[in-house]
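Protein chains in written order, with our numbering: chain R, 50 to 309; chain P, 50 to 309.
Just so you know, even glycine gets a beta-carbon here, dropped at the ideal spot from N, CA and C.
Since the model is a prediction, treat every value here as computed from it, not as a measurement.
A short write-up of the structure that comes next.
Number of protein chains: 2
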Amino acid sequence: MGDSSVEEIRAAIERGEWRKPTSGLAPGFTQANVVILPKKYAFDFLLFCGRNEKPCPVVDVCESGVIAPPIAGPEADIRTQIPRYRIYRHGVLEQEVEHIREHFTDDMVSFLLGCSFSFEQELLDNGIPVRHIELERNVPMYITNRECRPAGIFSGPMVVSMRPIPEALAGKAAAITAKYRKAHGAPIQIGNPEALGITDLQKVDFGDAPEIRPGEIPVFWACGVTPQMALQRARPELVITHAPGYMFITDIRNEELTVP
Amino acid sequence: MGDSSVEEIRAAIERGEWRKPTSGLAPGFTQANVVILPKKYAFDFLLFCGRNEKPCPVVDVCESGVIAPPIAGPEADIRTQIPRYRIYRHGVLEQEVEHIREHFTDDMVSFLLGCSFSFEQELLDNGIPVRHIELERNVPMYITNRECRPAGIFSGPMVVSMRPIPEALAGKAAAITAKYRKAHGAPIQIGNPEALGITDLQKVDFGDAPEIRPGEIPVFWACGVTPQMALQRARPELVITHAPGYMFITDIRNEELTVP
Numbered sequence: 050m051g052d053s054s055v056e057e058i059r060a061a062i063e064r065g066e067w068r069k070p071t072s073g074l075a076p077g078f079t080q081a082n083v084v085i086l087p088k089k090y091a092f093d094f095l096l097f098c099g100r101n102e103k104p105c106p107v108v109d110v111c112e113s114g115v116i117a118p119p120i121a122g123p124e125a126d127i128r129t130q131i132p133r134y135r136i137y138r139h140g141v142l143e144q145e146v147e148h149i150r151e152h153f154t155d156d157m158v159s160f161l162l163g164c165s166f167s168f169e170q171e172l173l174d175n176g177i178p179v180r181h182i183e184l185e186r187n188v189p190m191y192i193t194n195r196e197c198r199p200a201g202i203f204s205g206p207m208v209v210s211m212r213p214i215p216e217a218l219a220g221k222a223a224a225i226t227a228k229y230r231k232a233h234g235a236p237i238q239i240g241n242p243e244a245l246g247i248t249d250l251q252k253v254d255f256g257d258a259p260e261i262r263p264g265e266i267p268v269f270w271a272c273g274v275t276p277q278m279a280l281q282r283a284r285p286e287l288v289i290t291h292a293p294g295y296m297f298i299t300d301i302r303n304e305e306l307t308v309p
Numbered sequence: 050m051g052d053s054s055v056e057e058i059r060a061a062i063e064r065g066e067w068r069k070p071t072s073g074l075a076p077g078f079t080q081a082n083v084v085i086l087p088k089k090y091a092f093d094f095l096l097f098c099g100r101n102e103k104p105c106p107v108v109d110v111c112e113s114g115v116i117a118p119p120i121a122g123p124e125a126d127i128r129t130q131i132p133r134y135r136i137y138r139h140g141v142l143e144q145e146v147e148h149i150r151e152h153f154t155d156d157m158v159s160f161l162l163g164c165s166f167s168f169e170q171e172l173l174d175n176g177i178p179v180r181h182i183e184l185e186r187n188v189p190m191y192i193t194n195r196e197c198r199p200a201g202i203f204s205g206p207m208v209v210s211m212r213p214i215p216e217a218l219a220g221k222a223a224a225i226t227a228k229y230r231k232a233h234g235a236p237i238q239i240g241n242p243e244a245l246g247i248t249d250l251q252k253v254d255f256g257d258a259p260e261i262r263p264g265e266i267p268v269f270w271a272c273g274v275t276p277q278m279a280l281q282r283a284r285p286e287l288v289i290t291h292a293p294g295y296m297f298i299t300d301i302r303n304e305e306l307t308v309p
């Protein structure tokens with residue numbers, strides 16, 4: 050799928066020809082986290098995202114019953130063009146499915162949220178190592194002692210991802226990522242895990258344990274698992290998400306997430 | 050009221066001791082546009098604001114029935130602490146009132162939107178003239194040929210305000226205001242009214258006609274009248290706003306609207 054356009058990739062996914070994680074597909078284009086829920090929760094969730102922009106950057110929203118994200122994919126179909134979906138009922142994972150045609154009704158509102166994939170290429174391009182990519186592992190993630198601002202039925206702690214960065218490059222990494230307002234932006238914390246209530250970096254809450262080399266310090270960014278925790282805590286009767294790593298590939302170029 | 054705190058000023062307004070426009074009160078603190086509407090329209094309106102951040106920067110939201118804006122005034126009362134309110138029914142102005150105790154129910158959601166007052170002081174502090182302040186007039190405003198991104202029942206053209214700026218200072222004015230993301234941000238257009246469909250700058254749609262001096266060019270910023278036009282077009286059965294110039298004074302310092 051190396052040379053395929055975004056539309057061709059999404060069409061291949063729809064035809065069932067791609068059932069693997071989307072990492073590496075359509076380089077340069079934003080991959081988005083997806084949350085789909087009944088309209089009665091949509092205001093609370095949009096407000097939760099607005100009050101917690103760093104962990105929950107809204108890239109696009111499909112109004113109820115709309116299947117094509119107006120900005121992220123005006124020709125796309127949110128019901129069929131993600132390789133794997135998760136269905137949660139009352140906060141509990143019920144099943145993973147390959148399309149959601151029978152679950153998606155006119156009552157469902159879809160949210161696309163930015164993801165740190167979008168800034169990692171620019172870190173690499175600037176000579177800043179991204180360890181979990183080097184090691185082909187998942188990024189280490191931690192639940193912090195910081196509470197999100199609640200909104201309606203949604204509340205919960207902020208979750209962060211961590212990248213070990215050579216101390217001399219941490220400022221540069223902060224400056225580069227700060228531009229990506231719709232992809233978690235600048236780090237939440239640099240160098241002091243305890244300030245976030247993290248006592249042992251080897252004990253991750255999600256993802257794989259890190260490898261921190263001499264001269265490197267831990268740098269923490271707000272993470273897209275944050276809204277997932279808020280959703281599980283709120284327990285709506287139905288929530289559909291992408292399966293972790295199986296993202297929605299948008300028409301949006303990563304640079305476009307550096308909105309002023 | 051020169052030395053009064055924000056809380057004292059809001060309390061004086063509540064007691065009926067201040068029924069004039071709020072311009073000049075509580076220097077350094079953000080004054081916000083206010084829109085209050087039934088919960089069933091709240092998602093559409095929040096989405097409209099999110100899709101049109103420059104004209105509609107959301108500073109705070111009170112969930113349904115909440116009278117104290119959690120960020121902008123946790124001790125305030127949105128029902129009584131604005132000197133003059135407007136009540137619209139089906140898009141038509143019905144009356145102006147001094148409090149909205151009997152109109153505000155548990156079903157009403159309140160939105161506070163940023164305003165260009167917040168960046169004008171920094172323009173002045175940097176030696177950039179702000180003509181309508183000099184002349185003690187209202188800022189000139191124009192309906193443009195740019196459509197906002199619609200959301201649910203809300204749609205409409207973008208409205209802009211215009212400030213004539215000496216040509217050599219226009220870049221500086223752009224850079225200063227660009228920081229104020231929650232107060233309309235960078236200009237929409239510099240120097241070319243026709244690009245916005247404005248053929249005669251003396252024919253304003255709102256506010257007072259401008260005085261443009263030799264060597265000055267017109268600089269256009271997105272304007273908070275934009276959401277008002279969308280509200281009037283959508284015609285919800287009830288909308289409450291502040292009366293123009295009679296703003297809600299927040300606990301937020303203007304610099305805080307320069308959120309990254």
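Residue environment, residue i, which counts as buried when at least 16 other CB atoms sit within 10 Å
{"i": "P/Leu74", "result": "buried"}
{"i": "R/Ala232", "result": "buried"}
{"i": "R/Gln80", "result": "buried"}
{"i": "P/Ala217", "result": "exposed"}
{"i": "R/Gln314", "result": "Since the first residue shown for chain R is 50 and the last is 309, residue 314 of chain R is missing from the structure and cannot be characterised."}
{"i": "P/Gly240", "result": "exposed"}
{"i": "P/Ala91", "result": "buried"}
{"i": "R/Asn175", "result": "exposed"}
{"i": "R/Arg138", "result": "exposed"}
{"i": "R/Arg1", "result": "Residue 1 of chain R is absent from the model: chain R starts at 50 and stops at 309."}
{"i": "R/Arg212", "result": "buried"}
{"i": "P/Ser165", "result": "buried"}
{"i": "P/Glu169", "result": "buried"}
{"i": "R/Pro263", "result": "exposed"}
{"i": "R/Leu184", "result": "exposed"}
{"i": "R/Gly205", "result": "buried"}
{"i": "P/Ala258", "result": "exposed"}
Residue i versus residue j: straight-line alpha-carbon distance, rounded
{"i": "R/Thr129", "j": "R/Thr154", "result": "14 Å"}
{"i": "R/Ile301", "j": "R/Tyr191", "result": "28 Å"}
{"i": "P/Gly114", "j": "R/Met296", "result": "37 Å"}
{"i": "P/Glu304", "j": "P/Asn194", "result": "31 Å"}
{"i": "P/Leu96", "j": "R/Ile261", "result": "41 Å"}
{"i": "R/Ala279", "j": "R/Asp156", "result": "21 Å"}
{"i": "R/Asn187", "j": "R/Thr299", "result": "22 Å"}
{"i": "P/Gly220", "j": "R/Glu63", "result": "48 Å"}
{"i": "P/Pro215", "j": "P/Glu265", "result": "4 Å"}
Nonlocal neighbours in the same chain, by C-beta distance under 6 Å from residue i, ignoring five residues either side
{"i": "R/Phe160", "result": "Val84, Val110"}
{"i": "R/Ala117", "result": "Pro123, Ala125"}
{"i": "P/Asp93", "result": "Ala200, Gly201, Ile202, Phe203"}
{"i": "R/Gly45", "result": "No answer is possible for residue 45 of chain R: the residues shown for chain R start at 50 and end at 309."}
{"i": "R/Ala244", "result": "Gln238"}
{"i": "R/Ala61", "result": "Trp67"}
{"i": "R/Gly246", "result": "Thr193, Asn194"}
{"i": "P/Gly294", "result": "Pro70"}
Terminal residues of the beta strand (DSSP E) in which residue i lies
{"i": "P/Gln80", "result": "78-87"}
{"i": "R/Ser322", "result": "In the structure displayed, chain R extends from 50 to 309; residue 322 of chain R sits before or after that span and is not available."}
{"i": "P/Phe297", "result": "297-302"}
{"i": "P/Ile136", "result": "134-138"}
{"i": "P/Val288", "result": "288-291"}
Element boundaries [alpha helix (DSSP H), containing residue i]
{"i": "P/Arg282", "result": "274-283"}
{"i": "R/Gln144", "result": "Unbroken run through R/Gln144 is the beta strand (DSSP E), 141-146; no alpha helix (DSSP H)."}
{"i": "P/Glu265", "result": "Unbroken run through P/Glu265 is the beta strand (DSSP E), 265-271; no alpha helix (DSSP H)."}
{"i": "P/Val115", "result": "Premise fails: P/Val115 is in no alpha helix (DSSP H) and is neither H nor E."}
{"i": "P/Ala61", "result": "55-63"}
{"i": "R/Ala75", "result": "Unbroken run through R/Ala75: none, as it is neither H nor E."}
{"i": "R/Gly294", "result": "Neither: R/Gly294 is in no alpha helix (DSSP H) and is coded neither H nor E."}
{"i": "R/Leu173", "result": "166-174"}
{"i": "P/Ala91", "result": "91-100"}
Residues near residue i in its chain [Cβ-Cβ closer than 8 Å; skip 5 each side]
{"i": "P/Arg150", "result": "Arg128, Thr129"}
{"i": "P/Val308", "result": "Arg230, Lys231"}
Close beta carbons around residue i, own chain, < 7 Å, minus the five adjacent residues each side
{"i": "R/Leu172", "result": "Val179, Ala222, Ile225"}
{"i": "R/Ala292", "result": "Arg133, Tyr134, Arg135, Glu145"}
{"i": "R/Lys228", "result": "Thr307"}
{"i": "R/Asp152", "result": "Per the sequence shown, the amino acid found at residue 152 of chain R is His instead of Asp. The residues are Ile136, Ile289."}
{"i": "P/Gly234", "result": "Lys103, Thr226, Ala227"}
{"i": "P/Pro119", "result": "Asp109"}
{"i": "R/Val253", "result": "Pro189, Met190, Tyr191"}
{"i": "R/Ala271", "result": "Lys103, Pro104, Met207, Val209, His233, Ile237"}
{"i": "P/Pro242", "result": "Leu250, Pro267"}
{"i": "P/Ile177", "result": "Ile214, Leu218, Lys221, Ala222"}
Distance cut-off 7 Å: residue i Cβ against heavy atoms of the ligand MG
{"i": "R/Tyr90", "result": "By its list of ligands, the structure shown contains no ligand whatsoever, and the ligand MG lies outside what it can speak to."}
*Quick one: complete alpha helix (DSSP H) runs, 4+ long, within the region 177-257 of chain P?*
180-183, 219-227
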